[in-house]
Each structure stands twice: as C-alpha cells, then as structure tokens.
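S.K.: First the structure, then my questions, so here it is.
In my numbering, the protein residues as written are 4 to 165.
Printed below as a string of structure tokens:
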C-alpha cells in the first residue's frame, strides 16, 4: 500500500499530510511555503477527511478529531501519544502530569522525548503539554506555534476594546 502526500496551508505554516488506507501516518508543519499546494481536486481521497477536519479546526469549528491514525513509533512512544489524545481541547497538562497518566512519574525526560517525536501535529495534541512552571517548553514546530495553538484553543478569546 503506497502512502499518499498532500499539503494544506494553515495560519501557522504549511502542513504536510502523509497517510494511506491504514490511517494518517504523519502531519508535520513546514517553515517553507509550498507554492504547489494541492487544490481540493488534487487531495488523495484517503487524506481528504484529514484536510477537511484540519480546516474546520483552524476555523474554530472543530474541537475533536475523528481520524484513523497510524503513527510509526516504539510501543512507549505510542503509549505517550495515546495519552496525549486524552487532553481535552482548551486544556493543558504538565509533563509531570503526563508521566503520572501513563503510570511512570519518573519518566519525564522519556515522555518529553516521545512528545518531541510525535509525528501527527495538532491531531495528537502534544502542544497541550507545558512545563510545571507554566512555561511553553519545547515544541518541535517552534514555541511560537505552540503559543498560537494554545491561544486558538483558549476558551477566553482576547478582544480589542477599540
């Protein structure tokens, strides 16, 4: 089964989406602008639902994803990624809390490493894990993107008085 690839322009970069009939294998954000972005007609059928759901997420119309996922990783990484799916939209969890949820409170570095290797950007919400002091530590897509995503998901939207 051959994996398919498509690109989707988001407010914080171009998403590269890879997957096949077994599910989405990766969604990563690219810093460079892809000028040959797929038109709606060019998106492989197996990736169409993913593009639609990401589009709804960025429009503020979707808080939960319903996609078949097939990330590649070790059993430990997959355990960490599965637990990330339990962090609700608009909420955060510290790395320490995350280790407790997987049942190994001493595995902070291993959990942080697995978070950093999360291959499915946004859908597996590693951006919702923060430092114990509330800092936006480490994010493979850049801390500015992590802040943007958390602000986007915030239940309290900032509004200008002017």
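A virtual CB, placed ideally from N, CA and C, is assigned to each residue, including glycine.
Quickly, what does DSSP pair residue 96 with across the bridge? List them, please.
M.R.: Answer is 132.
S.K.: For the beta strand (DSSP E) that contains residue 29, what are its first and last residues?
M.R.: First-last of the beta strand (DSSP E) with residue 29: 26-33.
S.K.: Tell me whether residue 19 sits in a helix, a strand or coil according to DSSP, three-state version.
M.R.: Three-state result, residue 19: strand.
S.K.: Kindly list the residues whose CB is nearer than 6 angstroms to the CB of residue 148, restricted to its own chain and excluding five residues on each side of it in sequence; keep chain order.
M.R.: Here the set comprises 15.
S.K.: Could you compute how far the alpha carbon of residue 103 sits from the alpha carbon of residue 34?
M.R.: Roughly 34 angstroms between the two C-alpha positions.
S.K.: Do residue 125 and residue 20 count as a contact pair if the criterion is CB distance below 8 angstroms?
M.R.: Not a contact, by the Cβ cut-off of 8 angstroms.
S.K.: For the alpha helix (DSSP H) holding residue 81, just list the boundary residues, first then last.
M.R.: It spans 78-87 - the alpha helix (DSSP H) in which residue 81 sits, taken as one unbroken run.
S.K.: To the nearest angstrom, how far is it from the Cα of residue 79 to the Cα of residue 88?
M.R.: If you take the alpha carbons of residue 79 and residue 88, they lie about 15 angstroms apart.
S.K.: DSSP three-state label for residue 60, please.
M.R.: In this structure, residue 60 counts as helix in the three-state DSSP scheme.
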